[in-house]
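Residue numbers (our numbering): 372 to 538.
Take a look at the structure:
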């Protein structure tokens, strides 16, 4: 069964249909067993809900209660629309967060330059890597080619240099 047909049955049960549409649904119910079963199920559900619905007493009479709601709706409908915000208020609301975030970033950048000594770092750390040799008798030379993506470290014996320096 289509959803539209289910909605028609619900409207028929709630007596929301016009006379012609109500007769058309009644004729359809006489012919369709599934529609009859759904109508019985909807009637049972409606009876259970109506029987178990709690009654909430109001301190006012029914007419006065609904007239208060109606007056409030009319008041809200006729309330004057708020005008546009003043320029500085709009500017403050729109740009307060980005300007505050930028100020925090500037303070962090300034603070990091004052708190950390950056002068000891090599200018290009990916180019000027150093290799330490635990032995004074060993020396090393490094060649790095970024184009070929290769680094060559040449280790050599420094003993001939040491002996020639002392002589």
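Even glycine gets a Cβ: it sits at the ideal position worked out from N, Cα and C.
At the level of alpha carbons, what is the spacing between residue 393 and residue 376? To locate residue 393, count along the chain shown from 1; it is residue 22. To locate residue 376, count along the chain shown from 1; it is residue 5. Each residue's alpha carbon lies about 13 Å from the other.
Between residue 514 and the rest of its own chain, which residues show a CB-CB distance below 6 Å, the 5 nearest in sequence each way excluded? Reading the chain shown from its first residue, position 143 is the one you call residue 514. When the five nearest sequence neighbours on each side are left out, the beta carbons in the same chain lying within less than 6 Å of the beta carbon of residue 514 are those of 523, in order along the chain.
Name the two residues that bound the continuous alpha helix (DSSP H) containing residue 515. In the chain shown, counting from the first residue as 1, residue 515 sits at position 144. Counting along the chain, residue 515 sits inside no alpha helix (DSSP H); it lies in the beta strand (DSSP E) bounded by residues 509–516.
Proximity to residue 528 [Cα-Cα], best of 507, 517, 520, 415: By one-based count along the chain shown, residue 528 stands at place 157. Of the candidates 507, 517, 520, 415, the one whose C-alpha sits nearest the C-alpha of residue 528 is 507.
Boundaries (first-last residue) of the alpha helix (DSSP H) holding residue 447: Here residue 447 refers to the residue found at position 76 of the chain shown. Here the alpha helix (DSSP H) through residue 447 covers 433–448.
Status (buried if at least 16 other CB within 10 Å, exposed otherwise) for residue 420: For the purposes of this step, residue 420 is taken as the residue at position 49 of the chain shown. Looking at its Cβ environment, which holds fewer than 16 other Cβ atoms inside 10 Å, residue 420 is exposed.
Inter-residue spacing [alpha-carbon to alpha-carbon] between residue 425 and residue 441: As a first step, residue 425 is located in the chain shown; it is residue number 54 there, counting from the start. As a first step, residue 441 is located in the chain shown; it is residue number 70 there, counting from the start. Spanning the two alpha carbons is a distance of roughly 24 Å.
Suppose the cutoff is 6 Å on Cβ atoms and the five residues either side in sequence are ignored; what does the same chain contact list for residue 396 look like? As a first step, residue 396 must be located in the chain shown, where it is residue number 25. Cβ within range, chain order: 379, 383.
In angstroms with no decimal places, state the Cα-to-Cα distance between residue 436 and residue 423. Translated into the one-based positions of the chain shown, residue 436 becomes position 65. Translated into the one-based positions of the chain shown, residue 423 becomes position 52. Approximately 23 Å, taken between the alpha carbons.
Contact set for residue 409: own chain, Cβ-Cβ below 8 Å, skip 5 residues either direction: Within the chain shown, the letter at position 38 stands for residue 409. The beta carbon of residue 409 sits closer than 8 Å to the beta carbons of 372, 377, 380 from its chain, once the five residues preceding and following it are set aside; these are given in chain order.
Have a look at 406, 390, 386, 385 and flag the residue whose alpha-carbon is nearest the alpha-carbon of residue 374. As a first step, residue 374 is located in the chain shown; it is residue number 3 there, counting from the start. Taking the Cα of residue 374 as reference, the smallest distance to any Cα among 406, 390, 386, 385 is reached at 406.
To which residues does DSSP link residue 521 through a beta bridge? The sequence position of residue 521 within the chain shown is 150, counting from 1. Note: residue 521 sits in a beta bridge opposite 516.
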